[in-house]
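Residue numbers (the numbering used here): 1 to 102.
One structure is given below, encoded as structure tokens.
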């Protein structure tokens, strides 16, 4: 597998197969800053860390506090997640239904 990477780090293309095809893609997709990374059969491409999980009580605050450290006094966990999860954890079933709207 060959990955065509632009100078800014974004991936322009991924090619499985012959090296010549990857070289041709680099010409099509870029300029002199484009590089080709070739992965061997025992390597995989893993994207940057993306936290794709969410606890249901945190859903209303998606995207909040991403500019702050998680545990900062005004960070996501202390400002949004912990208080909301504490309230939800103490709810009875009817309060939970009301909270989630179902």
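Idealized CB from N, CA, C, for every residue including glycine.
Model, not experiment: these values are computed from the prediction.
Sequence-distant residues of the same chain with beta carbon closer than 8 angstroms to residue i, five excluded per side
{"i": "residue 64", "result": "76, 79, 80"}
{"i": "residue 71", "result": "77, 78"}
{"i": "residue 96", "result": "88"}
Rounded distance between the beta-carbons of residue j and residue i, thought under 8 angstroms
{"i": "residue 2", "j": "residue 38", "result": "5 angstroms"}
Beta strand (DSSP E) segment containing residue i, residue limits
{"i": "residue 15", "result": "11-15"}
{"i": "residue 4", "result": "2-5"}
{"i": "residue 71", "result": "Here residue 71 belongs to no beta strand (DSSP E), and DSSP marks it neither H nor E."}
Where residue i falls, given that 16 or more other Cβ within 10 Å makes a residue buried
{"i": "residue 57", "result": "buried"}
{"i": "residue 15", "result": "buried"}
{"i": "residue 5", "result": "buried"}
Boundaries (first-last residue) of the alpha helix (DSSP H) holding residue i
{"i": "residue 87", "result": "82-89"}
Identified DSSP bridge partners for residue i
{"i": "residue 37", "result": "3"}
Chain-order list of residues whose beta-carbon lies under 6 angstroms from that of residue i (same chain, five-residue window excluded)
{"i": "residue 7", "result": "33"}
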